[in-house]
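These notes are about the structure you will find just below.
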Amino acid sequence: MRIESDEDPRSAGLFPGREGSASATPPDPIIHAGYATLSLRQIDEWNGVPKGTAFRLFKAQKDQLREGQDFFYIPEGKDPELTETLRMDGRIYPSTVHVLLMTTTAYARMREEWHRRMHKTGCGCPEEH
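Quick note on our numbering: the sequence shown kicks off at 24 and runs consecutively.
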């Protein structure tokens, strides 16, 4: 299984600037197709952001990501047992119909998108925006 630290999406850390307002405990990854992944709910809750934030960040980066490698899309009915298990474990939102799971690459892109949207002069990042 691909769960080495560099392939664990949690290794990237929280969204920049969310360190003090987020959940102290990183979520347990969901192992799917041999990859350590995080659901949108896990990302939202870990970073202490409103529901839907991770989805909007994902949508902004989706064209640069590869389905089946950077993220996994599990449509309604494709794997009902997995979907129900994730729902019962609180890893996806109760209203989730289609499951999205993010690998390290997708989560890193989402963090970059968050930073682009929230960047402030003097934030300490190496790049000027």
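From the three backbone atoms N, C-alpha and C, an ideal C-beta is built for every residue, glycine too.
{"Query": "Would you check if the segment 102-115 and the segment 74-89 touch, i.e. whether three or more CB-CB distances between them fall below 8 Å?", "Result": "no"}
{"Query": "Let me check one thing: in DSSP terms, what residues is residue 62 bridge-paired to?", "Result": "124"}
{"Query": "If you follow the alpha helix (DSSP H) that residue 94 is in, where does it begin and where does it stop?", "Result": "Run containing residue 94: none in the alpha helix (DSSP H); it sits in the beta strand (DSSP E), 94-97."}
{"Query": "Does DSSP put residue 55 in a helix, in a strand, or in coil?", "Result": "strand"}
{"Query": "Tell me the DSSP bridge mates of residue 90?", "Result": "94"}
{"Query": "With distances taken Cα to Cα, identify the nearest neighbour of residue 66 among 100, 34, 91 and 97.", "Result": "34"}
{"Query": "Nearest CA to the CA of residue 71: which residue from 103, 50, 98 and 41?", "Result": "41"}
{"Query": "Taking the C-alpha atoms as reference points, what is the distance between residue 93 and residue 83?", "Result": "14 Å"}
{"Query": "If you check the beta carbons only, do residue 49 and residue 60 fall under 8 Å apart?", "Result": "no"}
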